[in-house]
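One structure below.
Residue numbers (full-length UniProt numbering): 1 to 424.
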């Protein structure tokens, strides 16, 4: 039996429904971020930077791009003969098999994988947060407290605390109460969904709760362990951490990368973020192009104007085109004379010449007001927007659209076009 002190289990099967058309064909952890990366690069890089070299990645929803991106883990130095990275999809067993029905259920279905390494500790991570953390420091804290479970937690504004699991601690940071998304929170210390368990404690809880429908760490495992009297401590984290689970937070996190003094720095030498990069040529910036405070991905060609935006690799910005306050992902073409204002455009999209995205005043979304509420134009991957049309704010587009889809050449604010092959 191979012995590892700590292994990581990275939950990466989420759909990310609050990202709307951006995740129609791709799992949230595989969504592009920062012009070069995918969201899952951040926890994976944290693992290798922290000395955690055995990582199980649990996938489920639309796993193809995620599997292709991770591969055998070479960019993160996780292509190991012993340990390394392993993709763990749900699979058919002789009996009792099922899709992953909750975060803890997914871990339970992979007990056999964890037992291979006989770990002392298991680190549970989410694959859809942007942050840098040294898990080795958290493990030292866990050991110093002789904890059974340590939960990473961070202070949040009290008005936002109801969106999280909230922990209440004593003077020694031992958790005395845990509330999952309380309506009236009594603490502003929010769980980050990062846990270190003693292996024996985790295994016992998963087996005891195996028949719990949709078994979840926040709703079931932590309350069970707390009731049992396990020593549960909060590890307070005060660095940058962003849950990019909504269009607004995703756009905001990208825009924060290009602040004059970015709160989240991608360029730190001592804590690099690794990714699976294509072998592509450098950027090309034409003589009359203008770029201000933007990230431009490798292989992009800029002939127009780009302001305060994050541009992915292989993007073409045409002559006379203006892009402002926007995120444009890999391999998009924004043709000549177009205007893109406060938009999120997914991969492999073509915007026709003279099209204008982001016009008019705000209006509530007619498609899904809970998802589309941030004054953004959101375009799903492989979409086509025809020339010379106008697209209002708070809109959603998915699929190959034609001029006749735009009444009088216009998609009004709050409206949407979802074509065959787009989001259902």
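We put the CB at the ideal spot given by N, CA and C, even for glycine. These figures come from a predicted structure and were not determined experimentally.
Have a look at residue i and residue j and give me their C-alpha separation to the nearest angstrom.
{"i": "residue 345", "j": "residue 65", "result": "18 Å"}
{"i": "residue 126", "j": "residue 250", "result": "16 Å"}
{"i": "residue 411", "j": "residue 19", "result": "20 Å"}
{"i": "residue 230", "j": "residue 211", "result": "21 Å"}
{"i": "residue 405", "j": "residue 124", "result": "46 Å"}
{"i": "residue 372", "j": "residue 118", "result": "45 Å"}
{"i": "residue 445", "j": "residue 149", "result": "What is shown of the chain runs 1 to 424, which leaves residue 445 out entirely."}
{"i": "residue 267", "j": "residue 34", "result": "12 Å"}
{"i": "residue 407", "j": "residue 383", "result": "18 Å"}
{"i": "residue 7", "j": "residue 57", "result": "11 Å"}
{"i": "residue 392", "j": "residue 89", "result": "40 Å"}
{"i": "residue 26", "j": "residue 61", "result": "8 Å"}
{"i": "residue 258", "j": "residue 112", "result": "44 Å"}
{"i": "residue 285", "j": "residue 300", "result": "8 Å"}
{"i": "residue 347", "j": "residue 331", "result": "6 Å"}
{"i": "residue 219", "j": "residue 183", "result": "15 Å"}
{"i": "residue 164", "j": "residue 296", "result": "34 Å"}
{"i": "residue 74", "j": "residue 32", "result": "19 Å"}
{"i": "residue 215", "j": "residue 180", "result": "14 Å"}
{"i": "residue 269", "j": "residue 81", "result": "28 Å"}
{"i": "residue 110", "j": "residue 159", "result": "37 Å"}
{"i": "residue 409", "j": "residue 292", "result": "31 Å"}
{"i": "residue 76", "j": "residue 67", "result": "14 Å"}
{"i": "residue 264", "j": "residue 311", "result": "17 Å"}
Excluding sequence positions up to five away, which residues of its chain have a Cβ less than 6 Å from the Cβ of residue i?
{"i": "residue 173", "result": "233 and 234"}
{"i": "residue 49", "result": "271"}
{"i": "residue 418", "result": "398"}
{"i": "residue 246", "result": "18"}
{"i": "residue 365", "result": "372, 394 and 414"}
{"i": "residue 72", "result": "79"}
{"i": "residue 349", "result": "332, 379 and 383"}
{"i": "residue 237", "result": "152 and 154"}
{"i": "residue 47", "result": "8 and 55"}
{"i": "residue 389", "result": "355, 406 and 409"}
Hey, residue i and residue j: beta-carbon distance below 8 Å or not?
{"i": "residue 185", "j": "residue 166", "result": "yes"}
{"i": "residue 303", "j": "residue 289", "result": "yes"}
{"i": "residue 359", "j": "residue 351", "result": "no"}
{"i": "residue 202", "j": "residue 315", "result": "no"}
{"i": "residue 377", "j": "residue 395", "result": "yes"}
{"i": "residue 256", "j": "residue 280", "result": "no"}
{"i": "residue 101", "j": "residue 11", "result": "no"}
{"i": "residue 194", "j": "residue 254", "result": "no"}
{"i": "residue 178", "j": "residue 142", "result": "no"}
{"i": "residue 309", "j": "residue 323", "result": "yes"}
{"i": "residue 239", "j": "residue 329", "result": "no"}
{"i": "residue 190", "j": "residue 161", "result": "yes"}
Nearest to residue i by CA position, among the options, is which residue?
{"i": "residue 261", "options": "212, 294, 370 and 368", "result": "294"}
{"i": "residue 63", "options": "83, 87, 216 and 74", "result": "87"}
{"i": "residue 362", "options": "389, 312 and 374", "result": "374"}
{"i": "residue 79", "options": "59, 128, 276 and 254", "result": "276"}
{"i": "residue 131", "options": "60, 325 and 44", "result": "44"}
{"i": "residue 387", "options": "416, 357 and 32", "result": "357"}
{"i": "residue 140", "options": "99, 197 and 68", "result": "197"}
{"i": "residue 152", "options": "108, 222 and 291", "result": "222"}
{"i": "residue 9", "options": "236, 215 and 108", "result": "108"}
{"i": "residue 342", "options": "157, 325 and 331", "result": "325"}
{"i": "residue 157", "options": "334, 163 and 188", "result": "188"}
{"i": "residue 367", "options": "252, 291 and 416", "result": "416"}
{"i": "residue 171", "options": "115, 47, 264 and 145", "result": "145"}
Check the DSSP bridge columns for residue i and list the partner residues they point to.
{"i": "residue 252", "result": "Note: residue 252 sits in no beta bridge, so no partner."}
{"i": "residue 324", "result": "307 and 341"}
{"i": "residue 88", "result": "58"}
{"i": "residue 400", "result": "384"}
{"i": "residue 37", "result": "33"}
{"i": "residue 243", "result": "129"}
{"i": "residue 235", "result": "152"}
{"i": "residue 295", "result": "310"}
{"i": "residue 186", "result": "DSSP lists no partner for residue 186."}
For residue i, which residues of its own chain have a beta-carbon under 7 Å away from its beta-carbon, when the five flanking residues on both sides are left out?
{"i": "residue 422", "result": "Model confidence at residue 422 stands at a pLDDT of 48, short of 50, so the residue's coordinates are unreliable; what they give is reported in the following sentence. 21, 24, 380, 398 and 399, listed in sequence order."}
{"i": "residue 4", "result": "54, 83, 117 and 119"}
{"i": "residue 273", "result": "37, 41, 42, 45 and 266"}
{"i": "residue 136", "result": "50 and 51"}
{"i": "residue 241", "result": "129, 131, 154 and 192"}
{"i": "residue 106", "result": "11, 13, 58 and 100"}
{"i": "residue 138", "result": "150, 152, 196 and 235"}
Sorted by chain position, which residues of the same chain lie with C-beta nearer than 8 Å to residue i's C-beta, five sequence neighbours on each side aside?
{"i": "residue 337", "result": "318, 319, 320, 321, 353 and 354"}
{"i": "residue 128", "result": "12, 14, 16, 28, 29, 39, 40, 243, 244 and 245"}
{"i": "residue 370", "result": "18"}
{"i": "residue 224", "result": "205, 208 and 209"}
For residue i, verify whether its CB is less than 7 Å away from any heavy atom of the ligand FMN.
{"i": "residue 317", "result": "Inclusion of the ligand FMN in the displayed structure is not the case, the ligand content being empty and no account of it being possible."}
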